[in-house]
Amino acid sequence: MPLIRLLPDLLISQIAAGEVVERPASALKELLENSLDAGASDIRVDLEEGGIKTIRVADDGAGIARDDLPMALARHATSKIESLADLERVASLGFRGEALASIASVARVAIVSIARGERHAWRIEAQDGAVSAVEPAALNRGTVVEARDLFFNTPARRKFLKTPATEYAHCLDAFTRLALARPQVAMTLSHNGRVMARYPAQDWQARVLAVLGDDFARQARLIDEAAGDVRLYGWAGLPAYAKASRDAQFLFVNGRFVRDKVLSHAAREAYRDILHGSRHPAYCLFLKIDPVRVDVNVHPAKTEVRFRDAQAVHRFVFHALERALAGNQSGSEANAGE
Ligand code: ADP
Ligand code: MG
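Structure, rendered in structure tokens:
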């Protein structure tokens with residue numbers, strides 16, 4: 004009898020889910036990214052018990068057609084790329100076609116959606132690798148995805164969840180990053196029935212200040228510089244606003260929150276001569292760069308990127324930031340909106 008055999012489908016998804024769905028916040032991030040990729044202009048998030056009991060994301064995006072609903076839950080099934088060429092210039096937040104399948108393998112998932120042009124909405128449910136029939140449902144616009152009882156069928160993973168308060172804090176971080184990344188989208192976050200954050204559609208300057216608060220606004224410099232096809236814009240906090248933690252450091256590349264050594268090192272260097280001691284600067288910086296010059300397909304969570312020319316990016320970010328902090332920013336577009 005052969006010893007090597009294919010794993011059951013559910014188990015394959017649960018293993019993959021280990022990379023994508025670490026905790027409620029990572030599931031929330033995936034669902035929010037899907038809503039943004041669907042072109043939503045208004046997204047509402049409802050969490051219960053830090054997202055462990057329920058994560059519900061409702062959007063007014065393009066919706067999912069009836070016949071696509073089962074595919075949306077299938078592994079490696081996506082509407083966002085078709086080829087390697089697409090992958091190399093991918094502009095959507097998602098593209099791996101893994102998130103919904105992964106979440107559905109470790110939670111009870113229900114999707115209700117109405118695609119544009121359909122007369123009514125449809126609903127599908129998934130649990131333990133089994134997908135229900137598609138049933139008619141009531142919904143006026145967009146999509147509602149609900150994930151309940153995260154890790155109910157993977158007790159070993161469930162044990163690693165922290166308290167609802169801690170899981171909620173991570174969910175809030177995920178929500179905040181995407182709120183910063185997409186200021187033109189109205190976003191609301193509720194936890195246990197209470198509204199915790201609400202942002203109207205606004206320009207990026209207003210959104211950053213709304214998220215980081217009035218104190219930051221009074222002690223931050225506006226940056227907006229371009230060199231060739233690379234642009235850096237955002238707000239950089241002055242030394243007086245420095246923090247004990249790195250919590251107020253946000254870096255985005257092409258609308259995607261990233262943790263990137265090249266960029267954070269450039270920022271650290273720019274602050275080196277003006278910020279002393281062990282405090283950390285606050286900043287929210289957006290880098291726009293031709294997608295072919297950056298690889299986002301490094302890790303399933305997609306918070307890592309790889310630049311083709313890391314040195315040039317480092318130099319540009321360092322100098323732009325240094326100039327802004329010195330208060331003699333070159334270029335007259337410093338006050339231009341997006
Ligand atoms: P990916 O985002 O990488 O394509 P997902 O598993 O997250 O993979 O989603 C699978 C597919 O389901 C998407 O490609 C998209 O077509 C559809 N989808 C998921 N969420 C939504 C949503 N909120 N609105 C519209 N379509 C959605
Ligand atoms: Mg996705």
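According to the numbering used here, the sequence shown is numbered sequentially starting from 4. A virtual CB, placed ideally from N, CA and C, is assigned to each residue, including glycine.
Taken in chain order, the unbroken stretches of alpha helix (DSSP H) that lie wholly in the segment 191 to 243 and span 4 residues or more are 207 to 215, 217 to 221. Taking a 10 Å sphere around the C-beta of residue 139, we find fewer than 16 other C-beta atoms and assign the residue as exposed.
Under the three-state reduction of DSSP, residue 322 is assigned to helix. DSSP, reduced to helix, strand and coil, places residue 330 outside both helices and strands of the structure shown, so it counts as coil.
The bridge partners DSSP lists for residue 139 are 125. Remark: fewer than three beta-carbon pairs, one from each stretch, lie closer than 8 angstroms, so the segment 81 to 91 and the segment 120 to 137 are not flagged as touching. Exclusion of the five residues before and after residue 24 leaves 30, 105, 106, 109 as the residues of its chain whose Cβ lies within less than 7 angstroms of its Cβ. Inclusion of residue 232 and residue 293 in the CB contact set at 7 angstroms is warranted, their separation being smaller than that value.
Runs of the alpha helix (DSSP H) lying entirely within the segment 50 to 110 and spanning at least 4 residues, in chain order: 72 to 75, 87 to 91, 102 to 109.
With contacts defined as CB atoms closer than 7 angstroms, residue 74 and residue 65 fail to qualify as a contacting pair. The count of Cβ pairs closer than 8 angstroms, one atom from the segment 171 to 182 and one from the segment 140 to 155, stays below three, leaving the stretches out of contact. Those residues whose C-beta sits under 5 angstroms from the nearest heavy atom of the ligand MG are, from N- to C-terminal order along the chain, 37, 97, 102.
DSSP lists 125, 146 as the bridge partner or partners of residue 116. Using a C-beta cut-off of 8 angstroms, the segment 191 to 200 makes no contact with the segment 264 to 275, since fewer than three inter-stretch Cβ pairs fall below that distance. Residue 235 is a Cβ neighbour of residue 323, given a cutoff of 7 angstroms. In this structure, residue 309 sits away from residue 283, with a CB-CB distance that is not shorter than 7 angstroms.
The DSSP-derived three-state label of residue 173 is helix. Around the Cβ of residue 146, a 10 Å sphere holds 16 or more other Cβ atoms; the residue is buried. Residue 120 and residue 161 have their C-alpha atoms spaced approximately 40 angstroms apart.
For residue 306, the shortest C-beta to heavy atom distance toward the ligand ADP is 6 angstroms or greater.
For residue 179, same chain residues with a beta-carbon under 8 angstroms away, outside a window of 5 residues either side, are 200, 214 in chain order. A distance below 6 angstroms between beta-carbons, with the five flanking residues on each side excluded, links residue 128 to the following residues of its chain, in chain order: 113, 135. Short of 7 angstroms from the beta carbon of residue 230, and not among the five residues preceding or following it, lie these beta carbons of its own chain, in chain order: 319. Put simply, of 21, 54, 188 the residue whose alpha carbon is nearest the alpha carbon of residue 38 is 188. Judged by DSSP secondary structure, residue 299 falls outside any beta strand (DSSP E); it is assigned neither H nor E. With distances taken between CA atoms, residue 43 lies nearest to 185 out of 246, 274, 295, 185. For residue 116 and residue 59, the gap between their C-alpha atoms comes out near 13 angstroms.
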